[in-house]
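Since the structure comes first, as structure tokens, the remarks are kept for the end.
Residue numbers (this note's numbering), protein chains in the order written: chain S, 9 to 262; chain A, 1022 to 1517.
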């Protein structure tokens, strides 16, 4: 008798998803799927297996994608795994199965449901990350550390950390995702580190403004005011380009 | 004219950003540069918007004037010498502090520095150069800098500036020389085009143009010809640039002994001259030019001056000048016209359209109801329908509803399988526009006719809402099923 269909459940992280994909592959691709453990609805007539994220295994999967497909495909999969879509794990799993059959050109095959889904998730996360490279607002605290808080839909902190590490190389800075409790922490001239399990309170405690900060906030606020043209006033356009959800921690753009 | 003394930094910023707001370009694109390891900052070729003002325009750069004092009296300009406005001027240090502090808080992508003419064009350009050199050298600023070239400034200063700024721009102001004579009596076409040409020559001589990130996909052969020719020049100049450049710095040091320039050693901050290229802007609707006139001017600028961008600025009668078109209560700012010109500009730069395909002497203005691409397609129905599975890339680009991204996706995807309408939707094709012009595997999507009136009717329904929103950006009124007619009547009246 054939073994039962198995669903591998994993935590919502790149490592978790990659580990589950590895386990599912091992079990047999024709009778396995992958799901995030936040998906509550369970199904009948299938077995469930909970998978612990394993950094070593995830690294193996990542290397295989890089070597057998391409760096570009890896980046797409990576961004998709950071996106905020409940069914991303299964789509990535099926995408990779097709990928290893077709090669790196799999990403051109947009008419396929899974390829399209993975590309869309990747674009969705990538677009938000790009928006946040502009919309992150640092506040200088009394110790001269730049602290930024964001509330993104996707898990974009890993996507933007390198950009800011290059740009503000000689600064000490923190970008904290208040929704997920994760943060990128950068010491001057070092590589940024992504930390998990950071509480909102511990970030808030570090945001006591320096004396300069208040002044430059005021200057920025008056610049925003004076630079807009009254005769062209168009709040709708502003709202389209910069929806309110981005502005939670932009004090001047409220 | 007296420059106010003892203004606070806050007041200066208010005055000088308010005075700079009519400058259009706030783009920070065109150059990719990693942190140089010495200081703060990098640049991203895609450009990054940091905020959006209440007029919906992107804020990417700290857009300010060095001073709003001006010896010229251009009728359209808020800073003209005959206006009684508070005058202020930044010191280079103030500009550097603002830029650095805004930049490290991630408010901005860099600096956009323009200026009124204080004393003489040369004096103004010298102050501007001093500021950016200070920013690059003393503050080690690695972010984006957009610098205006001042018409009438000497060649030396123009040559110098591009080694520190990412993008240079000289304002064309008005599309024609006549308009310029009428409205800006102190400026002349020649004075504007001279620095523009000089910047172009420097860019070509210093090997920037080959990359051509922003250039159109085809139809720019002259551009590559120019770059090839410059290979010899470059070889010849490889040594002389350094010495020439150093020599010039020496001259400027003589002009301002002990000034900011004395900190500069060797060549500028850039490895190429103005790596993000050159742009310009012109005012739309202050003078009588037709759209046809404007797009041909823009096309000539792209071809003959290798510009990266031409910006259009809907005329606003800030001075309530009686010789200029009246605008009561903010009505009559030609925003839809500006929008159409940008659409046409995109078609020329990315879609391979020529100005004569879009407009002509007989049809000098854009259709108010249809965007230029739809308008072109409807008057060239003999070329349609296009078969998605066979048409080449450039033919696909000409279909309304298909853009650069979706055309690329189609070309790649159809290698694996025959595409249907559902697949097109996944690739981002706007089917409500495209469906009149395409077949998939020999079939139209619906039973539509290749008929001018029929398609026009279908497309106008799609466009109407967009146009209405551009024209009536002031109003907060909820759109309802029943006020379409109101919008319609207004649009037609404007057309008449």
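From the three backbone atoms N, C-alpha and C, an ideal C-beta is built for every residue, glycine too.
Residue-level contact to chain A via CB, residue i, 8 Å cutoff
i, result
"residue 226 of chain S", "yes"
"residue 56 of chain S", "no"
"residue 142 of chain S", "yes"
"residue 246 of chain S", "yes"
"residue 174 of chain S", "yes"
"residue 132 of chain S", "no"
"residue 199 of chain S", "no"
"residue 262 of chain S", "no"
"residue 243 of chain S", "yes"
"residue 235 of chain S", "yes"
"residue 116 of chain S", "yes"
"residue 124 of chain S", "yes"
"residue 6 of chain S", "Residue 6 of chain S is absent from the model: chain S starts at 9 and stops at 262."
"residue 129 of chain S", "no"
Spatial neighbours of residue i in its chain, beta-carbon cut-off 7 Å, leaving aside the 5 residues before and after
i, result
"residue 1168 of chain A", "1134, 1149, 1153, 1182, 1186, 1189"
"residue 1216 of chain A", "1170, 1172, 1174, 1179, 1191"
Anticipated Cβ contact below 8 Å, residue i with residue j, distance rounded
i, j, result
"residue 1461 of chain A", "residue 1423 of chain A", "The Cβ separation is near 13 Å, so there is no contact."
"residue 1069 of chain A", "residue 1130 of chain A", "5 Å"
"residue 1327 of chain A", "residue 1221 of chain A", "5 Å"
"residue 274 of chain S", "residue 29 of chain S", "As shown, chain S starts at 9 and ends at 262. That puts residue 274 of chain S outside it, with no answer to give."
"residue 1301 of chain A", "residue 1192 of chain A", "6 Å"
"residue 165 of chain S", "residue 97 of chain S", "Contact doesn't hold; Cβ gap of about 20 Å is too wide."
"residue 1109 of chain A", "residue 1028 of chain A", "5 Å"
"residue 1358 of chain A", "residue 1393 of chain A", "The pair is not a contact, with the Cβ atoms about 12 Å apart (cut-off 8 Å)."
"residue 1056 of chain A", "residue 170 of chain S", "Rounded, the Cβ-Cβ distance is 11 Å, inconsistent with contact."
"residue 1313 of chain A", "residue 1380 of chain A", "4 Å"
Min CB distance residue i to chain S below 8 Å
i, result
"residue 1073 of chain A", "yes"
"residue 1430 of chain A", "yes"
"residue 1448 of chain A", "yes"
"residue 1412 of chain A", "no"
"residue 1333 of chain A", "no"
"residue 1524 of chain A", "A query on residue 1524 of chain A cannot be resolved here, the shown segment of chain A reaching from 1022 to 1517 and no further."
"residue 1422 of chain A", "no"
"residue 1127 of chain A", "yes"
"residue 1080 of chain A", "yes"
"residue 1045 of chain A", "no"
"residue 1487 of chain A", "no"
"residue 1337 of chain A", "yes"
"residue 1221 of chain A", "no"
"residue 980 of chain A", "Any property of residue 980 of chain A remains undetermined from this structure, which presents chain A solely from 1022 to 1517."
"residue 1440 of chain A", "yes"
"residue 1051 of chain A", "no"
"residue 1162 of chain A", "no"
Neighbourhood of residue i by C-beta distance below 6 Å, restricted to the same chain and skipping five residues each side
i, result
"residue 260 of chain S", "228, 229, 232"
"residue 1053 of chain A", "1066"
"residue 1094 of chain A", "1101, 1102, 1103"
"residue 155 of chain S", "147, 149, 182, 214, 215"
"residue 1453 of chain A", "1483"
"residue 1157 of chain A", "1185, 1290"
"residue 178 of chain S", "196"
8 Å Cβ shell around residue i - same chain, five flanking residues per side excluded
i, result
"residue 150 of chain S", "216, 217, 218"
"residue 12 of chain S", "39, 53, 54, 55"
"residue 85 of chain S", "73, 100, 103, 104, 126, 130"
"residue 1060 of chain A", "1160, 1161, 1162, 1163"
"residue 144 of chain S", "156, 158, 168, 172, 183"
Residues bridged to residue i (per DSSP)
i, result
"residue 1167 of chain A", "A:1133, A:1188"
"residue 1332 of chain A", "A:1302"
"residue 201 of chain S", "S:193"
"residue 41 of chain S", "S:15"
"residue 1110 of chain A", "A:1088"
"residue 1460 of chain A", "A:1408"
Segment contact flag, the stretch 248-262 of chain S with the stretch 201-216 of chain S, C-beta cutoff 8 Å, min 3 pairs
no
Do the stretch 1067-1080 of chain A and the stretch 227-244 of chain S touch if we need at least three Cβ pairs shorter than 8 Å?
yes
Inter-stretch contact (C-beta, 8 Å, three-pair minimum) for the stretch 1037-1052 of chain A and the stretch 1089-1106 of chain A
yes
Could you tell me whether the stretch 97-117 of chain S touches the stretch 72-84 of chain S, using the rule of 3 or more Cβ pairs below 8 Å?
yes
For the pair the stretch 1209-1221 of chain A and the stretch 1170-1182 of chain A, tell me if three or more CB-CB distances fall below 8 Å.
yes
Sufficient close CB pairs (3 or more, under 8 Å) joining the stretch 1399-1408 of chain A to the stretch 1460-1476 of chain A
yes
At least three beta-carbon pairs within less than 8 Å, the stretch 1294-1310 of chain A to the stretch 1333-1348 of chain A
yes
Pairs of beta-carbons, one from the stretch 56-66 of chain S and one from the stretch 18-36 of chain S, closer than 8 Å: are there three or more?
yes
When you compare the stretch 1418-1434 of chain A with the stretch 1364-1383 of chain A, are there three or more beta-carbon pairs, one atom per stretch, that lie closer than 8 Å?
At 8 Å Cβ cutoff, the stretches touch.
Are at least three pairs of beta-carbons, each pair with one atom in the stretch 1435-1448 of chain A and one in the stretch 109-118 of chain S, less than 8 Å apart?
yes
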